[in-house]
Amino acid sequence: MSSTIEIKIRSYDVISASLPEDVRLSRSMGEPIALELEQGSRVIDIFKAIPWLGRPLEDTIIVFVNGEAATLHSVLGSGDTIDIMTPSGGG
1 MSSTIEIKIR
11 SYDVISASLP
21 EDVRLSRSMG
31 EPIALELEQG
41 SRVIDIFKAI
51 PWLGRPLEDT
61 IIVFVNGEAA
71 TLHSVLGSGD
81 TIDIMTPSGG
91 G
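Residue numbers for the sequence shown follow UniProt numbering, so the first one is 1 and each next one is one higher.
Given below as structure tokens:
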């Protein structure tokens with residue numbers, strides 16, 4: 001029997017626009033997305049579980065785990081808060 005972890009995901013800017021309507025409505029009220037994953041899951045597994053969050057291998061996506069910069073291979077733990085965003089363009 002395998003163990004699971006629970007994480008919370010906060011997405012910002014352009015990514016939020018691609019969320020399904022029910023999730024987008026709850027996000028507008030400040031609610032993070034709750035997700036249950038297998039223990040030992042990595043950041044990239046979030047995108048496999050919720051593909052509408054983005055395509056991290058094709059798009060430029062910045063990820064923080066508990067406020068610290070993370071890579072797609074960072075291992076997640078139960079209770080982690082994941083922030084996902086795209087960099088802003090400027091000029």
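From the three backbone atoms N, C-alpha and C, an ideal C-beta is built for every residue, glycine too.
Bridge partner(s) assigned by DSSP for residue i
i           : result
Ile9        : Ile33, Ile82
residue 105 : For residue 105 there is no data in the structure shown, the boundaries of the chain being 1 and 91.
Glu38       : Thr4
Close beta carbons around residue i, own chain, < 6 Å, minus the five adjacent residues each side
i     : result
Gln39 : Ser3, Ile5
Check whether residue i and residue j have beta carbons under 9 Å apart
i     : j     : result
Val65 : Leu72 : no
Ile7  : Thr81 : yes
Ser74 : Val43 : yes
Sequence-distant residues of the same chain with beta carbon closer than 8 Å to residue i, five excluded per side
i     : result
Val14 : With a pLDDT of only 49 at Val14, under 50, the local geometry of the prediction cannot be trusted, and no value is derived from it.
Leu35 : Glu6, Ile7, Lys8, Ile9, Ile46, Ala49, Ile50
Inter-residue CB distance, residue i and residue j (contact presumed, cutoff 8 Å)
i     : j     : result
Pro32 : Arg55 : Not confirmed; about 21 Å, so no contact.
Ile84 : Leu53 : 6 Å
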